[in-house]
Structures are given as structure tokens and as C-alpha cells.
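Visitor: Just add 2 to wherever you are in the sequence shown, counting from 1, and you've got this note's numbering. This is the structure I have questions about; it appears just below.
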Amino acid sequence: MEQQSARLKRGLSTRHIRFIALGSAIGTGLFYGSANAIQMAGPSVLLAYLIGGVVAYIIMRALGEMSVHNPQSSSFSRYAQDYLGPLAGYITGWTYCFEMLIVAIADVTAFGIYMGVWFPAVPHWIWVLSVVLIIGAINLMNVKVFGELEFWLSFFKVATIIIMIVAGIGIIVWGIGNGGEPTGIHNLWTNGGFFSNGVMGMILSLQMVMFAYGGVEIIGITAGEAKDPQKSIPRAINSVPWRILVFYVGTLFVIMSIYPWNQVGTHGSPFVLTFQHLGITAAAGILNFVVITASLSAINSDVFGVGRMLHGMAEQGHAPQIFTRLSRRGIPWVTVVVMMTALLVAVYLNYIMPGKVFLVIASLATFATVWVWIMILCSQIAFRRRLSRDEVKSLAFPLRGGTATSLCAIIFLVFIIGLIGYFPATRVSLYVGVIWIVLLLAGYQLKTRRQRR
């Protein structure tokens with residue numbers, strides 16, 4: 003098993019790992035989906051994003067503590083097995099794969115929608131099929147090629163956000179594009195106050211906000227192919243959270259300073275409005291290009307994450323042994339092909355119901371995301387309990403506050419699950435999640451019975 007794992011090529015640098023995590027966490031939700039959270043909470047959504055960012059950082063640090071101590075390509079699935087038991091590892095690994103597959107189907111569907119803006123006569127499924135084949139080919143190349151491409155795709159997203167923040171500050175402070183009249187930041191409190199919909203509005207927005215941070219856990223999966231995980235993982239983890247906070251909180255701060263919060267999202271994307279405010283008439287086209295690169299980046303990360311997770315699970319005996327096979331480049335090619343085949347489901351769905359796919363599948367990943375996060379934190383608690391005081395002191399990258407910090411984050415995530423059940427629109431994801439767990443329990447029992455025979 004160890005020989006198989008060692009053959010995975012360590013070709014990812016700190017730069018690659020940082021942008022893989024950024025690319026996975028900063029998705030199309032920031033460009034289009036943030037308006038819903040703003041309408042729910044008003045300006046206090048800034049506080050919700052800060053709270054969500056802190057919890058996301060705790061999750062990353064808990065995972066980082068275990069990843070630096072014991073780098074594994076299957077990451078939190080392996081840690082769940084080692085510290086919580088085989089059943090926990092089995093459920094966590096397959097749940098993550100389910101989550102990423104659903105997210106990838108949503109992302110390739112989004113890609114078809116964005117390309118449809120420029121080429122309305124071309125059916126969505128054609129674009130979906132083309133991106134599935136292209137991303138599949140990329141993931142069969144050397145891992146360094148994957149990391150380099152992911153870096154540049156994420157770079158385009160990040161650069162656009164930075165430009166928008168800088169341009170927004172120009173409007174706020176100097177009135178650039180606003181006839182020389184600075185807008186100031188009074189819109190943050192003049193339309194019903196900072197807590198426009200009360201503290202409860204901010205609290206209710208948390209379940210939407212938290213899923214904006216979904217994907218940060220992929221940083222643990224990169225550990226198995228990082229050049230120097232003891233150095234690159236801590237650097238990447240410590241740099242990514244504040245960057246995400248700057249991009250999310252900074253962006254929304256600028257948008258809600260320029261526009262009254264109750265107008266955001268009612269006249270199109272906040273990003274398009276900001277660029278149009280500066281007199282950039284091609285704003286919609288520019289943004290469409292950016293969200294296309296955003297969806298490509300997310301799909302690329304999704305396929306990478308599932309491929310490595312399935313490879314690691316096969317080594318643990320939780321997935322077919324054929325998934326352990328590697329190409330001469332050190333790529334788990336079988337898992338990539340399986341993921342590409344599964345994504346062909348998206349091609350079929352876009353063929354039979356092009357207008358409804360995104361809404362139908364986007365809500366299905368919510369339960370899986372929270373489950374994986376909770377299992378990461380539970381694994382860290384179990385990991386710590388196995389260590390002596392001296393071993394805890396010698397940890398290279400410890401989570402501050404230890405098990406108490408993880409426990410607080412778990413309580414918060416359980417509260418988020420409660421919020422998911424509170425909204426009728428998202429409640430279905432809980433039902434799907436329960437059915438999924440029951441199916442996995444049945445599958446695990448069947449697997450163990452066969453092994454005993």
C-alpha cells in the first residue's frame with residue numbers, strides 16, 4: 003500500500019496548493035450567489051462572512067495538523083479511518099466523492115449556461131460534453147501540469163476580484179465614474195441600519211454563507227502530492243483564509259458601500275454593475291469570461307479531489323482495487339476515467355432538462371459538505387486523544403486551542419444543519435443526506451460480510 007501511495011508524484015508547490023484551495027473555495031457563488039445572502043441579512047452579511055471565515059480556518063487548521071503529521075492522498079478519509087474507525091473512513095470518503103461529483107455536475111452545467119450567453123444557438127449539452135473531455139485530458143497529464151493550469155485559472159478569478167475592489171474604492175473615495183462625487187460608505191447603515199433585517203437575518207444567512215467556503219478541505223488532499231508537505235501545507239493554510247476573507251468581505255463591503263443593499267441583485271450581477279459604473283460597456287462580456295474560467299477552475303479541482311480520494315480509499319480497501327492503478331506519470335488514471343464517465347450524466351441531464359439541472363442538483367451537496375467538515379473535526383479530536391502531552395507539544399502544525407476549538411466548530415456546524423432544515427427550499431438536502439448515509443451503511447455491511455467469507 004505504501005509503495006502505491008509513494009508513486010503519486012510530488013509535483014505541487016506551495017503556489018499551486020494555495021491557488022488550488024482558492025480556486026475551489028472562490029466559485030461562481032461570489033459572482034452571482036452573494037446577492038441572495040445580502041438580501042437575507044443586509045449589510046450585516048459582512049459579519050456572517052467573517053464568522054464563516056473563522057470556522058473555515060478552524061477546519062483547515064484541524065486538517066492541516068493531521069496532514070503535516072501524516073501526509074496522505076486520501077486525507078480526511080484516511081484520518082477518519084485511522085482515528086474513528088473503518089466505518090467512519092468509508093462513509094466520509096464516499097460522501098466526499100458524492101459531494102464533489104454533484105458539485106462538478108453543477109459546475110459543468112454552469113459552464114454550459116455561461117457559454118450559452120455568447121452562443122445561444124448551440125445546445126448546452128455540447129459545451130458540457132466538450133468541457134468534460136478537456137478537463138479529463140488535463141487530469142491525465144503530469145500533476146505539475148494540473149497545478150500550473152489551476153494556478154492560472156484561479157489567478158484570473160482573483161485578479162478580477164482585486165480589480166473590482168480597487169475600482170470600487172476609487173468610486174467610494176474619489177468618485178471615479180460617479181461625476182467626481184465620492185459615494186462614501188453611508189449605504190452600510192442608512193437603509194435600515196447595519197442589521198437591516200435584525201440579528202436573526204444575519205443568523206439565517208449563515209447557512210448560505212458557509213457553503214461559500216465549501217472546497218477549502220481540498221488542501222488536505224494535495225498533501226499526498228506536495229513537494230514538501232511539512233512546509234508547503236502550513237504556508238498554504240495560513241495564507242488562504244485571510245485571502246478568502248479579503249476577497250469575500252472586501253468585495254461585499256465595496257458593493258454595499260456603492261449601492262444600497264436592498265438594490266443589490268435586483269438589476270443583475272453586482273460585479274457587472276460596478277464595472278458599468280466605471281463606464282466599461284463590455285462589463286457583462288468581461289464577467290462572463292471570468293465566470294467561465296471560474297467554472298473551469300472548480301471542475302478541475304473537483305476531478306482532482308475525487309480521483310485522489312478514490313485512489314486512497316482503494317488502498318484502504320474501501321473502493322475497488324483497480325482504483326490504485328497509476329500511469330507512468332504517477333496519475334491515478336482509472337479514477338479520472340471513472341469521474342469523467344460519471345460526469346457524462348451531466349451531459350444527459352443537460353440534454354433532457356437544460357433549464358432546471360442547476361437548481362435540482364445544487365442543493366444536494368449541502369449535507370455532504372457539512373458532514374465532511376464535521377468528520378474532519380471529529381478525527382482531529384480523536385487524533386489528539388491518542389497523543390501524549392509531549393507528543394502534542396512536538397506537533398509541527400498544531401490547531402490552537404486543540405480539541406476545544408474543534409468542538410466549538412462542530413457545535414456551530416450542527417447549528418448550520420439545523421438552519422438547512424429550517425428552510426423548505428434546502429430541507430430536501432437533509433432527506434437526501436439521510437438516505438445517502440443509510441445506503442452507505444448497507445453497502446459497508448455488505449462489504450464486510452463478503453470479506454468475512
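Cβ coordinates follow ideal geometry from the N, Cα and C atoms, glycine included.
Which word fits P426, buried or exposed, when buried means at least 16 other C-beta atoms lie within 10 angstroms of its C-beta?
Guide: Here residue 426 corresponds to residue number 424 of the sequence shown, with the count starting at 1. Residue environment for P426: exposed (fewer than 16 other C-beta atoms within 10 angstroms of its C-beta).
Visitor: Taking 8 Å as the threshold, find out whether the stretch 204-220 comes into contact with the stretch 120-127 through three or more Cβ pairs.
Guide: no
Visitor: Measure the alpha-carbon distance for F148 versus V416 and round it to whole angstroms.
Guide: Within the sequence shown, residue 148 is the residue found at index 146, counting from 1. Within the sequence shown, residue 416 is the residue found at index 414, counting from 1. Spanning the two alpha carbons is a distance of roughly 35 Å.
Visitor: Output the boundary residues of the alpha helix (DSSP H) element that contains A370.
Guide: Taking the first residue of the sequence shown as position 1, residue 370 is located at position 368. Unbroken alpha helix (DSSP H) run through A370: 368-387.
Visitor: By Cβ distance, which residues of its chain are closer than 8 Å to P400, with the 5 residues on each side in sequence left out?
Guide: Within the sequence shown, numbered from 1, the residue matching residue 400 stands at position 398. Once the five neighbours on either side are set aside, the close Cβ partners of P400 are E67, V394.
Visitor: Less than 8 Å between the CB atoms is what I'm expecting for T253 and I178, so what's the real figure, rounded?
Guide: If you number the sequence shown from 1, residue 253 lands on position 251. If you number the sequence shown from 1, residue 178 lands on position 176. 18 Å between Cβ atoms; not a contact.
Visitor: Should the stretch 88-108 be regarded as contacting the stretch 366-375, the criterion being three or more beta carbon pairs within less than 8 Å?
Guide: yes
Visitor: Can you tell me whether H71 is helix, strand or coil according to DSSP?
Guide: Start at 1 with the first residue of the sequence shown, and residue 71 comes out as number 69. Reduced to three states, the DSSP call for H71 is helix.
Visitor: For I163 and F249, what's the separation of their Cα atoms in angstroms?
Guide: Counting from 1 along the sequence shown, the entry for residue 163 is found at position 161. Counting from 1 along the sequence shown, the entry for residue 249 is found at position 247. If you take the alpha carbons of I163 and F249, they lie about 7 Å apart.
Visitor: Between the beta-carbon of L65 and the beta-carbon of L298, is there less than 7 Å?
Guide: Stepping through the sequence shown from its first residue, residue 65 is reached at position 63. Stepping through the sequence shown from its first residue, residue 298 is reached at position 296. Inclusion of L65 and L298 in the CB contact set at 7 Å is not warranted, their separation being larger than that value.
Visitor: Quick check: the Cα distance between G186 and G307, rounded to an integer number of angstroms?
Guide: Locating residue 186 in the sequence shown gives position 184, where the first residue counts as 1. Locating residue 307 in the sequence shown gives position 305, where the first residue counts as 1. Distance between the alpha carbons of G186 and G307: 43 Å.
Visitor: Would you say A37 and G203 are within 7 Å of each other, going by their C-beta atoms?
Guide: As a working mapping, residue 37 is identified with position 35 in the sequence shown. As a working mapping, residue 203 is identified with position 201 in the sequence shown. The answer is no: Cβ separation not under 7 Å.
Visitor: Look at the alpha carbon of S7 and the alpha carbon of Q74, and state the distance between them as a whole number of angstroms.
Guide: Counting from 1 along the sequence shown, the entry for residue 7 is found at position 5. Counting from 1 along the sequence shown, the entry for residue 74 is found at position 72. At S7, the pLDDT of 42 sits below 50, so the modelled position is not reliable and the matter cannot be decided from this model.
Visitor: Tell me the start and end of each unbroken beta strand (DSSP E) in the stretch 182-264 that is at least 3 residues and wholly inside, in chain order.
Guide: none
Visitor: State yes or no: is the C-beta of V256 within less than 7 Å of the C-beta of I137?
Guide: Residue mapping note: residue 256 aligns to position 254 of the sequence shown, counting from 1. Residue mapping note: residue 137 aligns to position 135 of the sequence shown, counting from 1. Contact flag unset, no.
Visitor: Specify whether the stretch 191-199 and the stretch 44-63 touch according to this definition: at least 3 beta carbon pairs, one from each stretch, less than 8 Å apart.
Guide: yes
Visitor: A58 and V218: beta carbons closer than 7 Å?
Guide: By 1-based counting over the sequence shown, the position of residue 58 is 56. By 1-based counting over the sequence shown, the position of residue 218 is 216. Going by C-beta atoms, A58 is nearer than 7 Å to V218.
Visitor: Could you work out which residue in R331, R245, L328 is closest to L52 when comparing CA atoms only?
Guide: As a first step, residue 52 must be located in the sequence shown, where it is residue number 50. Here the closest residue by C-alpha is R245.
Visitor: Go ahead and pull the three-state DSSP assignment for V426.
Guide: The sequence position of residue 426 within the sequence shown is 424, counting from 1. It should be pointed out that residue 426 corresponds to Pro in this sequence rather than to Val. In this structure, P426 counts as helix in the three-state DSSP scheme.
Visitor: Can you confirm whether the stretch 102-118 touches the stretch 321-339 when touching is taken to mean that 3 or more C-beta pairs between the two stretches lie within less than 8 Å?
Guide: no
Visitor: Helix or strand or just coil, what does DSSP make of R80?
Guide: For the purposes of this step, residue 80 is taken as the residue at position 78 of the sequence shown. Three-state result, R80: helix.
Visitor: Using 7 Å as the threshold, is the C-beta distance between Y85 and S381 below it?
Guide: Position 83 of the sequence shown, counting from 1, holds the residue named residue 85. Position 379 of the sequence shown, counting from 1, holds the residue named residue 381. Result yes, Cβ atoms of Y85 and S381 sit closer than 7 Å.
Visitor: From which residue to which residue does the alpha helix (DSSP H) around G332 run?
Guide: Here residue 332 corresponds to residue number 330 of the sequence shown, with the count starting at 1. That residue, G332, is in no alpha helix (DSSP H); it is neither H nor E in DSSP.
Visitor: Taking the straight line between their C-alpha atoms, what separation do you get for L421 and I107?
Guide: The residue given as residue 421 occupies position 419 in the sequence shown. The residue given as residue 107 occupies position 105 in the sequence shown. Their Cα atoms are separated by approximately 25 Å.
Visitor: Look at A316 and V130 and say whether their C-beta atoms are less than 7 Å apart.
Guide: Within the sequence shown, residue 316 is the residue found at index 314, counting from 1. Within the sequence shown, residue 130 is the residue found at index 128, counting from 1. The beta carbons of A316 and V130 sit no closer together than 7 Å.
Visitor: Under DSSP, the alpha helix (DSSP H) around V147 begins and ends at which residues?
Guide: Locating residue 147 in the sequence shown gives position 145, counting from the first residue. That run of the alpha helix (DSSP H) goes 145-176.
Visitor: Helix, strand or coil for F417 per DSSP?
Guide: Position 415 of the sequence shown, counting from 1, holds the residue named residue 417. Assigned with DSSP and collapsed to three states, F417 falls in helix.
Visitor: Which one of Q453, I220, Q265, N199 has the shortest CA to CA distance from M102?
Guide: For the purposes of this step, residue 102 is taken as residue 100 along the sequence shown, with counting starting at 1. Among Q453, I220, Q265, N199, the Cα nearest to that of M102 is on I220.
Visitor: Using the Cα positions of R330 and V201, report the straight-line distance between them to the nearest angstrom.
Guide: In the sequence shown, the residue the question calls residue 330 occupies position 328. In the sequence shown, the residue the question calls residue 201 occupies position 199. The straight-line gap from Cα to Cα measures roughly 56 Å.
Visitor: Taking just the CA atoms, how far does L142 sit from T295?
Guide: Position 293 of the sequence shown, counted from the first residue, corresponds to residue 295. Position 140 of the sequence shown, counted from the first residue, corresponds to residue 142. Their backbone Cα atoms lie some 20 Å apart in a straight line.
Visitor: By how many angstroms is the C-alpha of A367 removed from the C-alpha of V105?
Guide: Looking up residue 105 in the sequence shown gives position 103. Looking up residue 367 in the sequence shown gives position 365. One alpha carbon belongs to V105, the other to A367, and they sit about 7 Å apart.
Visitor: Please classify V436: is it buried, with 16 or more other beta-carbons within 10 angstroms of its beta-carbon, or exposed?
Guide: Sequence index remark: in the sequence shown, residue 436 carries index 434 (1-based). So V436 counts as exposed.
Visitor: In terms of residues, what are the limits of the alpha helix (DSSP H) holding H320?
Guide: What you label residue 320 is simply residue 318 of the sequence shown in a count that begins at 1. No alpha helix (DSSP H) holds H320; DSSP gives it neither H nor E.
Visitor: Among residues of its own chain, excluding the 5 on either side of M311, which ones have a beta-carbon nearer than 7 Å to its beta-carbon?
Guide: Translated into positions along the sequence shown, residue 311 becomes position 309. Cβ within range, chain order: S76, S79, G95, Y98, C99, I223.
Visitor: Would DSSP call S390 helix, strand or coil?
Guide: Taking the sequence shown and counting its residues from 1, the one referred to as residue 390 is at position 388. Of the three classes helix, strand and coil, the one that applies to S390 here is coil, per DSSP.
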